[in-house]
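S.K.: These protein sequences, in sequence, are chains A and B.
For the first sequence, this note's numbering assigns the number 1 to the initial residue and increments by one for each residue that follows.
For the second sequence, this note's numbering assigns the number 10001 to the initial residue and increments by one for each residue that follows.
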Amino acid sequence: MNTIIKSILLTLVVLLPTSCSDSFVEVKPNDQNSEDYFNTAEEFDLAVVSAYDLLQSTYINVMLGEIASDNTLAGGESSNDAPGIQEIDDMRHTPLNAQLRDIWGWMFAGVNRANYVMEFQNKIDFTGKNVLLAEARFLRAYYYFELVKFFGDVPLTVDKRFLFGDQFTVGRTPKAEVYAQIEQDLIYASANLPAVGKQTGRATKGAAQALLGKAYLFQNKYAEAAEVLEQLITSGPYRLVTDYDNMFESVGENNAESVFEVQYSDKEGAGFGCLQCSEGNVAVGFNGIRNYNGPKYDSGFSFNVPTSGLANAFEPGDIRKRVAILDIEAWAASTGATFVKGYEHTGYYNNKYIARQGDLNTGDANLTNPNNYRAIRFADVLLMAAEANNKKSSADAIKSQAYLNRVRNRAGLSNTTLTGDALTNAIYRERRVELAGEGHRFFDLVRTSKAQESIPNFTVGKHEVFPIPAIEIQLAGNRWTQNPNY
Amino acid sequence: MKFLFIWSLVLGLSLYCEAQNLKGKVKEQNGEGIPGVAVAVEGGQGTFTDIDGSFTLNNIKKGDKLTFSFIGYETQEVIIANQTDLQVIMANAANELEEIVVVGYGTQNKKEVTGAVSVISSETIQRINPVRVEQALQGQVAGVNITSQSGSPGSGSTINIRGISTNGDSRPLILVDGNVIEDLSVINPQDIESVNVLKDATAGIYGVRAANGVILIVTKSGRLNTKMKFDLTTYYGVQSTTRKIPVLNATEYALLKNESFTFGGSRPPFRSIEGLGIGTNWQDLIFQNAPIYSLNLGMNGGKKKSKYSAGVSYLDQDGIVGGSSAKFQRITTRGNYTYDFSKKLKVNVTGLYLYTDKNSLLENSLGSVLFNALNMAPTLPVRDSNGSFTLAEGLGNEVINPAAQINDTYNSSQVNKISGTLGVTYNVFKNLEFNSRFQFNHAVVDGQLFSPEVFYGSGKVFNVARSAYTENQSVFQDYTWDNYLTYSTSFGGSHNIKAMIGSSVFKTIGEFASSTGFNIPDNSIGNATLDNVTDVIDNFQNGNNMFDSRLLSYFTRVQYDFKGKYLLSAVLRRDGSTKFGPKNQFGYFPSISAGWNVSDEAFFKNITFVNQLKLRASYGIVGNDRIADYGFVSLLNGEGVYVFNNDLVFGRTIGRLNNPEIQWEEQKTLDIGFDAKFGGNKWNLTMDYFKKRTEKLLLVAEVSGILGASAPGSSPPITNAGTVDNQGLEFQLGYVEQLSKDLSVNASFNATRLVNNVLFVNSEGGFLAGGSFGVGQEPPSRMEVGQSIGYFYGYKTNGIFQTASEVAESSAQQNATPGDLKFVDTNNDGIIDASDRTNIGSPIPDIVMGFNIGFDYKNIDFSCYTFASVGNEIVRNYERNQPLTNFTAYAKDRWTGEGSTNVHPKLSTGTNSNILFSDYFVEDGSYVRVQNVQLGYTVGQNWKNITKCRIYVLVVNPVTLTKYTGYDPSASSGAPIGGGIDQGFYPLPRTYQLGLNLNF
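1) Around the Cβ of residue 393/A, are there at least 16 other Cβ atoms within 10 angstroms (buried) or fewer (exposed)?
2) If we call anything under 7 angstroms between Cβ atoms a contact, is residue 370/A one with residue 380/A?
3) Does the beta carbon of residue 472/A sit closer than 7 angstroms to a beta carbon anywhere in chain C?
4) Can you check which of these residues, 479/A, 218/A, 192/A, is closest to residue 387/A by C-alpha distance?
5) Please work out which residues of its chain come closer than 6 angstroms, Cβ to Cβ, to residue 399/A, disregarding the five sequence neighbours upstream and downstream, and give them in chain order.
6) Would residue 10313/B pass as a contact of residue 10188/B if the rule is Cβ separation under 7 angstroms?
7) To the nearest angstrom, how far is it from the Cα of residue 284/A to the Cα of residue 120/A?
8) Would you kindly work out how many angstroms separate the C-alpha atoms of residue 10139/B and residue 10196/B, rounded to a whole number?
9) Is residue 10850/B closer than 7 angstroms to residue 10149/B when the C-beta atoms are compared?
10) Can you give me the C-alpha to C-alpha distance between residue 10572/B and residue 10151/B, rounded to a whole angstrom?
11) Return helix, strand or coil for residue 391/A, following the three-state DSSP convention.
12) Could you tell me whether any Cβ in chain A is nearer than 7 angstroms to the Cβ of residue 10981/B?
13) Hey, could you find the ends of the beta strand (DSSP E) residue 10958/B is sitting in?
14) Go to residue 35/A, then tell me how far its alpha helix (DSSP H) extends in each direction, as first and last residue.
15) Is there a Cβ from chain B that is less than 7 angstroms from the Cβ of residue 461/A?
16) Grab the span of the beta strand (DSSP E) containing residue 10570/B for me, first residue to last.
17) Across which residues does DSSP place residue 10359/B in a beta bridge pair?
18) Strictly under 7 angstroms for the Cβ-Cβ distance: is residue 108/A near chain B by that measure?
19) Alpha carbon to alpha carbon, how far is residue 10105/B from residue 10117/B?
20) Given this structure, state the Cα-to-Cα distance separating residue 10696/B from residue 10511/B, to the nearest angstrom.
21) For residue 274/A, is the classification buried or exposed, using 16 other Cβ atoms within 10 angstroms of its Cβ as the cut-off for buried?
22) Chain A beta carbons: is any one of them nearer than 7 angstroms to that of residue 10707/B?
23) Distance, Cα to Cα, residue 10484/B vs residue 10523/B?
24) Quick check: is the beta carbon of residue 22/A nearer than 7 angstroms to any beta carbon in chain B?
25) By DSSP's criteria, residue 10511/B is part of a beta bridge. Which residues make up the other side?
26) Quick one: using the 10 Å Cβ neighbour count with 16 as the cut-off for buried, is residue 457/A buried or exposed?
27) Whose C-alpha, out of 345/A, 372/A, 165/A, is nearest the C-alpha of residue 10716/B?
28) Spell out a yes or no on whether the region 10505-10520 of chain B and the region 10467-10477 of chain B are touching, meaning 3 or more CB-CB pairs, one atom from each, closer than 8 angstroms.
29) Any chance you could list the beta strand (DSSP E) runs of at least 3 consecutive residues sitting entirely within the region 351-417 of chain A, in chain order?
30) Specify the secondary structure class of residue 10296/B as computed by DSSP and reduced to three states.
31) Give the residues of chain A in contact with residue 10458/B, contact being defined as C-beta atoms less than 7 angstroms apart.
32) Which partner residues does residue 10672/B have in the DSSP bridge list?
33) Which same chain residues end up closer than 6 angstroms to residue 10563/B when comparing Cβ atoms and leaving out the 5 residues on each side of it in sequence?
34) Looking at C-alpha atoms only, which residue of 10168/B, 10479/B, 10518/B, 10248/B is the closest neighbour of residue 10504/B?
35) Among 10950/B, 10422/B, 10902/B, which residue has its Cα nearest to the Cα of residue 10235/B?
36) What residue range is occupied by the uninterrupted alpha helix (DSSP H) comprising residue 508/A?
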């Protein structure tokens, strides 16, 4: 009897650790659960900050916007260096293109981060909430604008994230609907964002208005574009700077001409394993001069090299040429600098966005250049306003000329007195030289139907948009039709 | 006369009839007395030997039979003649199936074991004399394949038991005295009593952690009633590299570079060749002879109620690349004490303190020290005319002066670890034993990385413009608490049952901290502390800096045998883990095994050649829980960093996407085998067939980009979506014989044939890719249905285009020129493109073998251990292929014109496809390596206090036979997808050692 009791007791002792019971293995993670967030104003702000993060990954959008056009060639180390970029340069890209897949993924990552904030917009109330929501909507519009420009019809989600499972039911929303949402978001943002952000780099009322004007212009809604851009030009705090030589140097960052600037920093290291994680401007390192040794500049991978066609598009006396184009042979001859010729060497480099000395060169130095990307400049706003005013149904040629001439005069060029189609073409030419190297050329050519005559191998009815990455169609259940002729 | 006769009769009779006192001593073969030996006299009386091995018996008559028995020794019988002083020498019964095998929460006699368990004894470990425990396993146990991750001091090895069962973490569960160990470099091999490898469903007693096999290590514990003994082992060795890869010297380099530039349509870079001579031999410069020194002092002994063992060790090893910049130092102290409070209660305590200090150089990657030594131009001197290190201009962005690299690398880490166990064994009543064991580890790992401001050449990725200093600290703590009851009983005279029931809790937590600061004063290592720097960044800004993981388990095992002939064992374990989502938190893991000792059967008595034969089989379901924590919950540990007011701002955002259904990987494992001894127990043979199917493999499969998984700090969810199969055959044959009084011989051979096959991968395209080759190329390795895991996926080649017309004829490869590689159009679609890639090799060997031989002759002992791997392929990925980087020597055999060669393409700086990943870069990595040759001489025995003094010479890795042209065919990163790719492996060194063993 005694022994039986003893053995029962012992069995209990053996099972003693169960006093911890099954709840022993229920442990709360140290990091916060995403579904229990947004409890304070600060938490909203931190989530909005994260939504800005993906702006830095648009470096590739900027590069391809030039390389796909007649402005630059792909460049690089050899014809095998970043095959995806080489393909787009030659208009022979396919749905297997790696860079297009990056853009698809990174822009949707931005959309989801903005929608994460919007999903919980009604959780709490606090003063200044409308500003944060406006920032989130501005960003959502920015990312969707990129997606629509590159891919046409894309899956749309408003005020909630895409969660696992959604990819098997959602379809490609028609472009017009996506644009409609972009317009709504930017209208809200213009109404709720302050004229000057609480920190440098935050979205502002002017940024929303400018982006809205651009979105209207891309849809050929000239009257609406002219109207919103007019408000921006007359009541916004922006102007054209006279010291154009420093426009793209670090002293010229966030100046009076910058309506919206994507911010970068050299304070954090970066690696090739996660290019979208870099806080530096990856395009600047990629565009840099190959194995450079000399004053002012730093080394890079020699991508995105300007063509002689672009160099010759500048009129004589145009002060912008030396800011946009670096004639590397002449520079080397006069300063004794040395460099190595990369693939498709043209003799020119994109002077606005190549690596300069003087930054911290945090490792990998090629990926951490701090040059901000001037996403929307006041010059761009003026040229868009000029175009919209000239192309709207009751064209205002005087106003259009006035805006165009402001840009030309700053560049040291004479006024234009053209009207009608001639004026339109002059505006197009001005856009090319004013905004050379800033990632706009390809999309300007496409929307103005000038791509076929300017870009070799451009096929109408195909190359206006890029193909949806094949693997993305597969991963969404093989339900989407590909863009035509890919 | 008559009187004499009667008198001698009386004398004789009295001598005959007189009962004597018999004294004696029972000794080991080396003369040491054995205490505690049972001395039984037929007919009744008996005694035990005392602490010296001596015994006394009264009333012993001539003709009495005495039996001497003790566990671990062959029982001896002596028939008394005229002795008054009896010396008995007992032989080790090491070959008997009376060996003890540790099977988890208990032990079994080898004869009762029904599973595939292999044991390595401390004698074998002493013989091999390894620096790390894994080196003692290689080639000793069939089914266990060890690949070194690197030859650098202190680096680890990958252990695969019966193949690679997962694309994730395939490390087996390793317990030292029941305590979980992840890093084997902390164990001093001299402290080990035995290593028990559970290869099949026997490991099922460990449930969800058993799918990769289980290794149970027991440390030395001393012996009761033994005088305190010391053993000292020390050695000094010199290490050198086993191989240098022949590269071109300066003259050859200039000639071939000129040719290469010409073919590429550029101007040759070297105008004059004379005077270049040999140039700099970079490998000679960075390889050096490096010393290794080890000292180990152990002590053990025991009293009547207690036994103890303690030890102290010191190891200092420099690296053959980098000398002290790659050194490893280890100090350990340990103790093991067991005390019998009473016949019922026994307590055991162990403690271990360890300190290691390791310096590291960049290895096995683009831009590692060896990679740079191979690619550096031989025309450049080590230092320029100013005395500073020559800059590596024009050699691409990664190749830098390796001597400078070694000089400017300051990367060290230290480990301070305390481990302990406390065990209580209580005999509740006769057949019921209660065990409670508590085991814990506490380790602090500190790392320091100083990157001085340095310029290696323009555009180099290693240039540092702003000096930086990073300090990490990680704290790891875990404990395991096991409680189990074991009940043994027999009934019916021949039925024996042992039942065990128990529970275990395991908790492991870790905490990480890391900070980086910049601008170290004077750019000097002396000033590198976090107090001297500016702009300190916390590297764990996004959280993700701790883990807390727990396991709660209940288990039971029933072992039944009928007369020791028919054996059956059944196990069931229930595990609950924090790693699995609420829907799948608990799992049940059953296994069963059976055995038949055929040699105990009556019909077997006539088969005299075979001494023992056991057939056995096992089947079980086990799991693998080595997955990331919290995969089932969406956490805000992503990376959301932006810049406002020119400063970094850190937001909060979602990390990895979650999968609430996540669960463990599940494996069904089958084993059928037999163990036999024959030829008078001189031969032993074991063979096993095994088949393991691991399902529900955890993959991070790609998901649709619209879910945002490519955001910084995010990734697709982990899903259970793959299946892999490992099947094979193990063969192990051993031979031990005492040929004469002075000569004994032992030999063993083992071989494992393994086939790995992936059956299911639920990701887009049906595959996962991994590994890296070249710069900017597609990943070269895949896990794909129908192939072995991690196979190489690339182009097949078919010789060289010899003429332009050959190029024109092959419509598929229009951009080629004469001298380029011909690719095979495997899908016959008329063009060579990415879909022509196919299976071009696998890093998994077809067969691995070990062969060991040794003999003891008088005072001399000799042993030799050899290991072979057949059928593993390696990717040669240490050539940078930049215009001015050096070539390896086979470049001299390049194509120079029609008919010159059909193997090596022409050298050209122009664009070509020859650098794309193809079978031209996949080599046969099969090799035979003599791991260890040792010759020892026992100088003296029993001189003053020294019972044994032995000196020995040992050569580690004296010979490697292989066709592979790289440094070391045995090295691999060990990654299931992406292993077997050589970017300049730090080769395993060859070491000449001189050592001394002293027992006193």
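Here a beta-carbon is modelled for each residue, glycine too, at the ideal position from N, C-alpha and C.
Model, not experiment: these values are computed from the prediction.
M.R.: Let me spell this out:
1) Within the first sequence, the letter at position 393 stands for residue 393/A. Result: exposed.
2) Translated into the one-based positions of the first sequence, residue 370/A becomes position 370. Translated into the one-based positions of the first sequence, residue 380/A becomes position 380. Contact: no.
3) Structure shown: chain C not included; protein chains present are A and B.
4) As a first step, residue 387/A is located in the first sequence; it is residue number 387 there, counting from the start. Closest option to residue 387/A, Cα to Cα, is 218/A.
5) Along the first sequence, read from residue 1 onward, the residue named residue 399/A stands at position 399. The beta carbon of residue 399/A is closer than 6 angstroms to those of 389 in its chain, skipping five residues each way along the sequence.
6) The residue labelled residue 10313/B in the question sits at position 313 within the second sequence. The residue labelled residue 10188/B in the question sits at position 188 within the second sequence. Yes, these two residues count as a Cβ contact at 7 angstroms.
7) By 1-based counting over the first sequence, the position of residue 284/A is 284. By 1-based counting over the first sequence, the position of residue 120/A is 120. Their Cα atoms are separated by approximately 37 angstroms.
8) Mapped onto the second sequence, residue 10139/B falls at position 139. Mapped onto the second sequence, residue 10196/B falls at position 196. The straight-line gap from Cα to Cα measures roughly 15 angstroms.
9) Indexing the second sequence from 1 puts residue 10149/B at position 149. Indexing the second sequence from 1 puts residue 10850/B at position 850. Not in contact: residue 10149/B and residue 10850/B (Cβ atoms no closer than 7 angstroms).
10) The residue given as residue 10572/B occupies position 572 in the second sequence. The residue given as residue 10151/B occupies position 151 in the second sequence. When rounded, the distance between both Cα atoms is 41 angstroms.
11) On the first sequence, position 391 is the one that residue 391/A refers to. Reduced to three states, the DSSP call for residue 391/A is helix.
12) Along the second sequence, read from residue 1 onward, the residue named residue 10981/B stands at position 981. Output row for residue 10981/B: interface = no.
13) Position 958 of the second sequence, counted from the first residue, corresponds to residue 10958/B. 10948-10962 is the span of the beta strand (DSSP E), which, as asked, contains residue 10958/B.
14) For the purposes of this step, residue 35/A is identified with residue 35 of the first sequence, where counting begins at 1. Element bounds for residue 35/A: n/a, residue is neither H nor E.
15) Within the first sequence, the letter at position 461 stands for residue 461/A. No - not a single Cβ of chain B is within 7 angstroms of the one on residue 461/A.
16) Within the second sequence, residue 10570/B is the residue found at index 570, counting from 1. That run of the beta strand (DSSP E) goes 10566-10577.
17) Translated into positions along the second sequence, residue 10359/B becomes position 359. Per DSSP, 10412/B.
18) Here residue 108/A refers to the residue found at position 108 when the first sequence is read from its first residue. Cβ-Cβ to chain B under 7 angstroms: yes for residue 108/A.
19) Sequence index remark: in the second sequence, residue 10105/B carries index 105 (1-based). Sequence index remark: in the second sequence, residue 10117/B carries index 117 (1-based). One C-alpha to the other measures close to 15 angstroms.
20) As a working mapping, residue 10696/B is identified with position 696 in the second sequence. As a working mapping, residue 10511/B is identified with position 511 in the second sequence. In a straight line, the C-alpha of residue 10696/B is about 30 angstroms away from that of residue 10511/B.
21) Within the first sequence, residue 274/A is the residue found at index 274, counting from 1. Within 10 angstroms of the beta-carbon of residue 274/A lie fewer than 16 other beta-carbons, which makes it exposed.
22) Start at 1 with the first residue of the second sequence, and residue 10707/B comes out as number 707. Closer than 7 angstroms to some Cβ of chain A, the Cβ of residue 10707/B qualifies, so yes.
23) As a working note, residue 10484/B is residue 484 in the second sequence. As a working note, residue 10523/B is residue 523 in the second sequence. When rounded, the distance between both Cα atoms is 59 angstroms.
24) For the purposes of this step, residue 22/A is taken as the residue at position 22 of the first sequence. By this cut-off, residue 22/A is an interface position.
25) Here residue 10511/B corresponds to residue number 511 of the second sequence, with the count starting at 1. 10475/B, 10546/B.
26) Locating residue 457/A in the first sequence gives position 457, counting from the first residue. Burial call: exposed.
27) Residue 10716/B sits at position 716 when you count from the first residue of the second sequence. Per the Cα distances, 165/A.
28) yes
29) 373-377
30) Indexing the second sequence from 1 puts residue 10296/B at position 296. Annotated three-state conformation of residue 10296/B is strand, per DSSP.
31) Locating residue 10458/B in the second sequence gives position 458, counting from the first residue. Per Cβ cutoff of 7 angstroms: 291, 292, 293, 299.
32) Here residue 10672/B is taken as the residue at index 672 of the second sequence, counted from 1. Residue 10672/B pairs with 10617/B, 10689/B.
33) Within the second sequence, numbered from 1, the residue matching residue 10563/B stands at position 563. Same-chain partners within the cutoff: 10494.
34) Indexing the second sequence from 1 puts residue 10504/B at position 504. For residue 10504/B, the nearest C-alpha among the options comes from 10479/B.
35) Indexing the second sequence from 1 puts residue 10235/B at position 235. That would be 10950/B, whose Cα lies nearest to the Cα of residue 10235/B.
36) It is not possible to answer for residue 508/A, since the shown part of chain A is limited to 1 through 486.
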